[in-house]
Amino acid sequence: MADVRDPAERMALTLTRHGMHRMTARVLCVLLFADQETITAGEIAEWLDVSAGSVSGALKMLEAMGMVERAPVPGSRREHYRFPDDAWPTLMSSQNKVVEEMQVAADAGIAVVGEDSPAGRRLTEMRDFYAHLLRALPELIEDWRRGRVRS
Numbered sequence: 001m002a003d004v005r006d007p008a009e010r011m012a013l014t015l016t017r018h019g020m021h022r023m024t025a026r027v028l029c030v031l032l033f034a035d036q037e038t039i040t041a042g043e044i045a046e047w048l049d050v051s052a053g054s055v056s057g058a059l060k061m062l063e064a065m066g067m068v069e070r071a072p073v074p075g076s077r078r079e080h081y082r083f084p085d086d087a088w089p090t091l092m093s094s095q096n097k098v099v100e101e102m103q104v105a106a107d108a109g110i111a112v113v114g115e116d117s118p119a120g121r122r123l124t125e126m127r128d129f130y131a132h133l134l135r136a137l138p139e140l141i142e143d144w145r146r147g148r149v150r151s
């Protein structure tokens, strides 16, 4: 059987190239690729051959993003973690706040520079694109969830 660590590390590198902290990306990929329902911080550290402290910080970041959750395991004293069900739509939905704030910032910029200036045209396009996303995203997520249930 092929070692899943290679594609997991490749995915982590992709996430890192696009702005995610390296350890956070690596821990996320362990959660995605591990062939078990839950995993402890120690098991993640062992998988990655890193310190438990670096894993702890990454888990806190991922938990704040909604990309990891603590999972109770009867009889275990250790904290167990898992990749949550429905994490992807939850993550996209949480981005709505960022998109809304970007729209407000774009509107403030347009008010200062005017819609007909080069900056105003760029800001107007950004604002309008984000408005489109905010309108379309709830339906896309619901459509995905309906399709997922049928699968």
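Counting from 1, position 88 in the sequence shown corresponds to residue 88 in the UniProt record's numbering; the numbering is continuous, with no gaps.
Positions of the beta carbon are idealized from the N, C-alpha and C atoms, including for glycine.
Taking 8 Å as the limit between beta carbons, can you name the residues of its chain near residue i, skipping five residues before and five after?
{"i": "Ala52", "result": "Ala41, Gly42, Ala45"}
In three-state terms, what does DSSP make of residue i?
{"i": "Glu142", "result": "helix"}
{"i": "Ala58", "result": "helix"}
{"i": "Ser151", "result": "Because the pLDDT at Ser151 is just 49, under 50, the model does not fix this residue reliably, and the value given afterwards should be weighed accordingly. Here Ser151 sits in coil by DSSP."}
{"i": "His21", "result": "coil"}
Buried or exposed for residue i, going by 16 or more other Cβ atoms inside 10 Å?
{"i": "Arg135", "result": "exposed"}
{"i": "Thr24", "result": "buried"}
{"i": "Ser151", "result": "Reliability fails at Ser151, whose pLDDT of 49 lies under 50, so the model's placement of it is uncertain and no value is given."}
{"i": "Leu140", "result": "exposed"}
{"i": "Val104", "result": "exposed"}
{"i": "Leu31", "result": "buried"}
By Cβ distance below 7 Å, which residues in the same chain neighbour residue i in space, the five residues on each side in sequence not counted?
{"i": "Thr38", "result": "Ala71, Val73, His80, Tyr81, Arg82"}
{"i": "Leu62", "result": "Thr24, Val27, Leu28, Val68"}
What does residue i pair with, by DSSP beta-bridge criteria?
{"i": "Thr90", "result": "According to DSSP, which records beta bridges pairwise, Thr90 is partnered with nothing at all."}
Apart from the five residues on each side of it in sequence, which residues of its chain come closer than 6 Å, Cβ to Cβ, to residue i?
{"i": "Ala87", "result": "Met67"}
{"i": "Leu48", "result": "Arg26"}
{"i": "Ala58", "result": "Met23, Thr24, Val27"}
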